[in-house]
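**Q** Below is a structure I'd like to ask you about.
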Amino acid sequence: MKHDQTPTKPIGIFDSGIGGLTVAHALVNHLPKENIIYFGDTAHLPYGDKSTAAIQAYSIKIAHMLLQQQCKLILIACNSASAAAYELVKEYVGSKAHVMNVIDPVVHLLKDKYKHKRIGLIGTRQTVNSHIYKKKIDDANHGITLSSHATNLLASAIEEFGNHEVLDGLLNVYLSHPDLQQIDALVLACTHYPIIKDRILKCYKKPLEIIDSSDAVAAAVKTHLEKHALLNTNGSSNKHFYLSDYTESFAANAKLFFGSEITFESYPLWD
Ligand code: DGL
0 MKHDQTPTKP
10 IGIFDSGIGG
20 LTVAHALVNH
30 LPKENIIYFG
40 DTAHLPYGDK
50 STAAIQAYSI
60 KIAHMLLQQQ
70 CKLILIACNS
80 ASAAAYELVK
90 EYVGSKAHVM
100 NVIDPVVHLL
110 KDKYKHKRIG
120 LIGTRQTVNS
130 HIYKKKIDDA
140 NHGITLSSHA
150 TNLLASAIEE
160 FGNHEVLDGL
170 LNVYLSHPDL
180 QQIDALVLAC
190 THYPIIKDRI
200 LKCYKKPLEI
210 IDSSDAVAAA
220 VKTHLEKHAL
230 LNTNGSSNKH
240 FYLSDYTESF
250 AANAKLFFGS
260 EITFESYPLW
270 D
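Residue numbers (numbering that gives the first Met the number 0): 0 to 270.
Below you can see the structure in the form of structure tokens.
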């Protein structure tokens, strides 16, 4: 049975931590009147090194919580969870809300604008080992050559340090891989990575196009809401942040994105 969906209901967004804020921020820019509920699963961070089964279990619990909050749309703002749990979350949510991931909008962009290009991709072990980008890109046979590399420690380092110069050493090691040298563009297949986009660019001697999913994802959400008459055109946006474990680093980073007036609520997932 289809649940009552109205434009004023919130959009639920989740990630393991601050990464999804890059997507939430783009969403607020594209859709300034939407109500947003953000869930950062800081207790289980990083997702990238967890098993598929663990990420699926966390994702289902979060989706359940977001449904209780009556979200009209659930956006998995995490590549690792999109790779491991999107199909399962979609099945779990059924017709109660629309579920979106951060991978499909990027794949569409690549198929549209990067035919016959050499594309590098960096992401967590979970995302890279799932080969999900390659499978989706190869399906369409657009002559795209994809070189994917797991940059395991990056998301945790970003959670810990933000956009700090200590990240440069790690980036130089990861990005100096020969497969990531002769490329036309680099996909940031982890929503944490746009936070250090300037540092990533600095590792390359020549200008490189960086594909960051935030805008493509926000545009896809907008298109969906418009198509289904679910766009909120009234009032100002309310934003609510839930954390499975309150951390100072999350609070500080969230304030960088959304200003100091935001508040956080603890929502332990294991209770
Ligand atoms: N931001 C997430 C992603 O896009 C998760 C990073 C992590 O927790 O390992 O994959």
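For each residue, glycine too, the CB sits at the ideal point set by N, CA and C. This structure is a prediction, so every number in the text was calculated from the model and none was measured.
Have a look at Ala-84, Leu-224, Phe-263 and flag the residue whose alpha-carbon is nearest the alpha-carbon of Lys-238.
**A** It is Phe-263.
**Q** If Leu-72 and His-97 are in contact, beta carbons under 8 Å, what's the gap, nearest whole angstrom?
**A** Right, their Cβ atoms sit about 5 Å apart.
**Q** So what's Trp-269 in DSSP terms, helix, strand or just coil?
**A** Looking at Trp-269 - three-state DSSP - the assignment turns out to be coil, as it is neither helix nor strand.
**Q** According to DSSP, which residues form a beta bridge with His-148?
**A** Answer is Ile-121, bridged to His-148.
**Q** Would you call the segment 185-193 and the segment 222-232 in contact, with 3 or more CB pairs under 8 Å?
**A** Output reads no: the segment 222-232 does not touch the segment 185-193.
**Q** Is the separation between the beta-carbon of Leu-268 and that of Lys-49 shorter than 7 Å?
**A** In this structure, Lys-49 does not lie closer than 7 Å to Leu-268 by Cβ.
**Q** Just to confirm before moving on: does the CB-CB distance between Lys-82 and Ser-243 stay below 7 Å?
**A** It should be noted that the sequence gives Ala, not Lys, for residue 82. Contact flag unset, no.
**Q** In whole angstroms, give me the CA-to-CA distance for Pro-45 and Ala-219.
**A** Approximately 26 Å between the Cα atoms of the pair.
**Q** Taking the DSSP output, what are the residues bridged to Phe-38?
**A** In the DSSP output, where bridge partners are listed per residue, Phe-38 has Phe-13, Tyr-241.
**Q** Would you report the Cα separation of Ser-175 and Ala-154, rounded to the nearest angstrom?
**A** Distance between the alpha carbons of Ser-175 and Ala-154: 18 Å.
**Q** Among the candidates Lys-133, Gln-4, Asp-138, Ala-84, whose CA atom is the shortest distance from the CA of His-148?
**A** Nearest of Lys-133, Gln-4, Asp-138, Ala-84 to His-148, Cα basis: Lys-133.
**Q** Of the choices Ala-250, Asp-183, Ile-17, whose alpha-carbon is the least far from that of Leu-109?
**A** Nearest of Ala-250, Asp-183, Ile-17 to Leu-109, Cα basis: Asp-183.
**Q** Short check: CB of Val-101 to CB of Ala-62, under 7 Å?
**A** No. Outside cutoff.
**Q** Under the three-state reduction of DSSP, which class applies to Asp-167: helix, strand or coil?
**A** Reduced to three states, the DSSP call for Asp-167 is helix.
**Q** Once you ignore the five residues that flank Ser-248 on each side, which residues in its own chain have a CB closer than 7 Å to its CB?
**A** Answer for Ser-248: Glu-158, Glu-159, listed in chain order.
**Q** Rounding to the nearest angstrom, what Cα-Cα distance links Asp-137 and Ile-143 in this structure?
**A** When rounded, the distance between both Cα atoms is 8 Å.
**Q** Restricting to runs no shorter than 4 residues, where is the alpha helix (DSSP H) found entirely within the segment 70-101?
**A** Counting whole runs of 4 or more residues, the segment 70-101 contains the alpha helix (DSSP H) stretches 78-92.
**Q** Is there at least one non-hydrogen atom of the ligand DGL closer than 6 Å to the beta-carbon of Ser-15?
**A** Within the cutoff, so yes.
**Q** Under the rule that 16 or more other beta-carbon atoms within 10 Å means buried, what is Val-172, buried or exposed?
**A** Burial call: exposed.
**Q** Buried or exposed: where does Ser-265 fall if 16 or more other Cβ atoms within 10 Å of its Cβ makes it buried?
**A** When all chains shown are included, Ser-265 counts as exposed.
**Q** Measure how close the beta-carbons of Leu-185 and Ile-121 come, nearest whole angstrom, since I'm counting them as under 8 Å.
**A** So it is a contact: roughly 7 Å between Cβ atoms.
**Q** In whole angstroms, what separates the C-alpha of Asp-167 from that of Arg-198?
**A** Roughly 7 Å separates the two Cα atoms.
**Q** Less than 8 Å between the CB atoms is what I'm expecting for Asn-162 and Thr-126, so what's the real figure, rounded?
**A** Not quite, the Cβ-Cβ distance comes to about 21 Å (not below 8 Å), so this is no contact.
**Q** How long is the line joining the alpha carbons of Val-165 and Gly-258, rounded to whole angstroms?
**A** So the two alpha carbons sit approximately 25 Å from each other.
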